[in-house]
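Novice: Here it is, the structure in full.
Numbering (the working numbering), first residue to last: 1 to 616.
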């Protein structure tokens with residue numbers, strides 16, 4: 001460890017020293033009590049609570065959890081949409097000394113049974129009928145469970161096991177008024193080294209593992225993000241990714257508390273996200289790569305449909321200027337005065353208006369994570385004058401441990417190590433990290449914890465990457481997902497897939513070739529772009545299955561594959577492909593809740609299709 005890393009770590013640890021998230025919420029409520037904290041709605045106008053109200057209600061719910069018998073250190077499982085009650089239940093459990101555990105709403109009953117039993121959940125908070133239907137088959141097998149709280153009163157069953165949210169909140173308010181010292185004692189007993197949450201991995205490679213995340217590691221992340229400029233005070237934010245995901249949890253819960261942000265909840269991102277962004281006009285925004293790809297595809301379809309050749313040319317020229325300008329702002333470069341002036345004109349007349357149409361005209365910081373952002377996607381948005389700051393981390397590292405920042409970024413990388421964190425690449429190419437953000441390990445899994453963190457404190461990420469001379473990290477692929485052909489060639493499937501999905505028509509791609517003589521690909525159409533593309537080409541935009549079999553569509557996708565192949569080495573090139581008549585979603589199980597490919601699921605589900613691609 002260098003002296004500089006030691007100095008940085010000591011300074012940041014001192015900034016977060018001795019504090020918990022309970023302390024931080026108190027400080028924010030004292031300093032910014034009247035500022036808006038969270039806005040939510042159920043079909044009507046936005047309903048907003050302030051930071052003072054947020055803390056008051058969190059304390060009331062903490063009293064409610066105590067009244068139900070929750071003991072310090074016990075777990076509260078949450079399966080709810082992104083909404084204000086979810087945040088309040090999480091904060092309430094924390095202030096009662098408990099550990100909130102948000103569970104992905106897409107989990108099947110057997111997965112719910114495993115997670116709830118593994119963490120020994122004592123109280124469960126569910127959204128409504130849909131979540132109840134998933135949990136009720138397993139409740140009898142959870143002997144430690146004391147109570148099920150249901151937000152939607154209409155869906156709350158009768159019986160001693162169940163309690164409506166309204167009754168729970170009323171119980172907590174009454175208990176806090178009668179015994180305020182009880183909750184004060186619970187809060188005082190929370191320590192920085194205690195778990196602030198327990199998050200289960202999404203299970204892309206097997207059974208979910210419970211990752212312990214402490215108050216101390218979260219506070220360290222908050223300090224580094226704020227000091228780097230990646231997180232700014234009082235941002236407007238749209239919360240839409242599952243709160244079981246570390247990145248959304250960090251932004252919606254922890255950074256919001258730390259910087260007194262204002263968060264708007266989008267309950268149904270599949271149908272409401274674009275409209276919500278346009279209405280809220282966030283000043284900061286986070287998207288996983290698939291979200292950025294969808295926004296890009298939709299905008300490209302609009303630009304392609306523009307009939308006025310002069311306007312198309314003006315947009316193309318402005319985006320060329322935007323790309324060159326953003327590229328010139330990268331670490332170690334300088335923007336020529338002439339390019340700065342050219343960009344200023346393009347920004348005023350073309351680029352900012354386009355970003356405003358997307359609802360991102362006011363966004364000062366835009367971030368991508370969960371998987372490396374495809375270079376073509378980053379370049380496209382750079383053309384709009386947007387610096388998408390790609391960051392890298394995992395649940396086991398409390399989120400990002402490398403980050404591009406507004407003042408130090410390189411397109412195509414995931415940035416430099418945050419201050420105080422050490423990053424190196426092992427001899428086999430695996431990315432290793434050590435420092436205050438690392439999790440203590442997995443709940444109830446000492447052997448897997450030992451595999452995760454070695455005796456020298458290095459956490460093994462399972463990803464392959466490289467570091468350049470300036471300390472910027474590039475991520476190639478998951479170590480276990482590299483394709484090794486029958487000829488012994490090591491190939492990154494993500495590198496191939498990123499090029500395939502750069503065509504607007506292609507929604508998802510999976511490259512395959514492990515222990516086979518060459519690479520093949522399974523492709524799906526983009527459900528938003530394909531119908532519009534079909535109509536523009538005089539094709540009946542009917543069912544997705546029909547479009548996937550249309551000769552014109554197949555020809556266009558074939559051109560996309562051929563274009564990708566021109567940018568790949570011979571051993572990487574796709575020799576055969578199949579366009580599937582479906583979309584891949586989290587509900588159909590090919591994707592995780594954060595829209596990453598579940599390769600094993602796709603391999604098993606389409607094994608016959610893959611085999612057929614090798615019959616020539």
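All residues carry an ideal CB built from backbone N, CA and C; glycine is no exception.
Mind listing, in chain order, the continuous alpha helix (DSSP H) runs of no fewer than 4 residues lying wholly within the segment 168 to 242?
Specialist: 180 to 188, 215 to 227
Novice: Would you kindly work out how many angstroms separate the C-alpha atoms of residue 299 and residue 506, rounded to a whole number?
Specialist: The alpha-carbon atoms of residue 299 and residue 506 are separated by roughly 14 Å.
Novice: Tell me whether residue 246 sits in a helix, a strand or coil according to DSSP, three-state version.
Specialist: Three-state result, residue 246: helix.
Novice: Please return the same chain residues whose Cβ sits closer than 6 Å to the Cβ of residue 589, not counting the five positions on each side in sequence.
Specialist: 601
Novice: Helix, strand or coil for residue 508? Go by DSSP, reduced to three states.
Specialist: strand
Novice: Flag this pair as yes or no: are the beta carbons of residue 199 and residue 102 separated by less than 8 Å?
Specialist: Cβ distance < 8 Å, so residue 199 and residue 102 count as in contact.
Novice: Under 8 Å, do residue 122 and residue 70 count as touching if we go by C-beta distance?
Specialist: yes
Novice: Cα-Cα, which of 490, 117, 527, 454 is closest to residue 516?
Specialist: 490
Novice: Decide if residue 136 is buried, meaning its Cβ has at least 16 other Cβ atoms within 10 Å, or exposed.
Specialist: That one is exposed.
Novice: With DSSP as the reference, label residue 47 as helix, strand or coil.
Specialist: strand
Novice: Is it the case that the segment 341 to 350 contacts the segment 242 to 262, given that we only count it when at least three CB pairs across the two stretches are under 8 Å?
Specialist: no
Novice: So residue 596 and residue 371 are supposed to be a Cβ contact under 8 Å. How far apart are they, rounded?
Specialist: Sure, about 6 Å apart at Cβ, within 8 Å.
Novice: Name the one or two DSSP bridge partners that residue 461 has.
Specialist: The partner list for residue 461 (beta bridge, DSSP) is empty, contrary to what the question assumes.
Novice: Within 10 angstroms of the Cβ of residue 480, are there 16 or more other Cβ atoms? Answer buried if so, exposed if not.
Specialist: By the 10 Å Cβ count, residue 480 comes out exposed.
Novice: Taking residue 294 as part of the alpha helix (DSSP H), name the residues at either end of that continuous run.
Specialist: 289 to 305
Novice: To the nearest angstrom, report how far apart residue 476 and residue 164 are at their CA atoms.
Specialist: 48 Å
Novice: Give the secondary structure of residue 263 by DSSP, where H, G and I count as helix, E and B as strand, and everything else as coil.
Specialist: In this structure, residue 263 counts as strand in the three-state DSSP scheme.
Novice: Contact check, residue 442 vs residue 452 under 8 Å by CB: the rounded distance?
Specialist: 7 Å
Novice: With DSSP as the reference, label residue 479 as helix, strand or coil.
Specialist: helix
Novice: Where in the segment 483 to 536 do unbroken runs of the alpha helix (DSSP H), each at least 4 residues long, occur, reported from the N-terminal end onward?
Specialist: 493 to 500, 529 to 536
Novice: Anyone know if the C-beta pair for residue 369 and residue 288 falls short of 8 Å?
Specialist: Cβ atoms of residue 369 and residue 288: closer than 8 Å.
Novice: When you compare the CB positions of residue 34 and residue 50, do they come within less than 8 Å of one another, or not?
Specialist: yes
Novice: Do the CB positions of residue 144 and residue 120 come within less than 8 Å of each other?
Specialist: Yes; because the gap between Cβ atoms is below 8 Å, this pair is in contact.
Novice: Report back the beta-carbon spacing between residue 67 and residue 186 to the nearest angstrom; my notes put them in contact at under 8 Å.
Specialist: The pair is not a contact, with the Cβ atoms about 12 Å apart (cut-off 8 Å).
Novice: Measuring alpha carbon to alpha carbon, tell me which of 176, 117, 118 ends up nearest residue 95.
Specialist: 176
Novice: Would you call residue 458 buried or exposed, if buried means 16 or more other Cβ atoms sit within 10 Å of its Cβ?
Specialist: buried
Novice: Using C-beta distances below 7 Å, list every residue in its chain close to residue 391, excluding the 5 sequence neighbours before and after it, in chain order.
Specialist: 367, 369, 400, 402, 403, 404, 414, 415
Novice: What residues match up with residue 397 in a beta bridge as DSSP calls it?
Specialist: BP columns for residue 397 are empty, so no partner.
Novice: Starting from residue 125, follow the beta strand (DSSP E) in both directions and report where the run begins and ends.
Specialist: 121 to 126
Novice: What does DSSP give as the partner residues of residue 576 in its beta bridges?
Specialist: 520
Novice: Between the alpha carbons of residue 204 and residue 242, how many angstroms are there, rounded?
Specialist: Confidence is the limiting factor: at residue 204 the pLDDT is only 49, short of 50, which leaves the residue's position unreliable, though a coordinate-based value still follows. Approximately 16 Å between the Cα atoms of the pair.
Novice: Quick check on DSSP: helix, strand or coil for residue 282?
Specialist: coil
Novice: Compare the beta carbon distance of residue 583 and residue 524 with 8 Å and say whether it is the shorter of the two.
Specialist: yes
Novice: Would you mind reading off the limits of the beta strand (DSSP E) that contains residue 424?
Specialist: 422 to 425
Novice: Are the C-beta of residue 551 and some C-beta of chain D separated by less than 8 Å?
Specialist: Chain labels in this structure do not include chain D; a single protein chain is all it has.
Novice: How many angstroms separate the CA atom of residue 131 from the CA atom of residue 80?
Specialist: 8 Å
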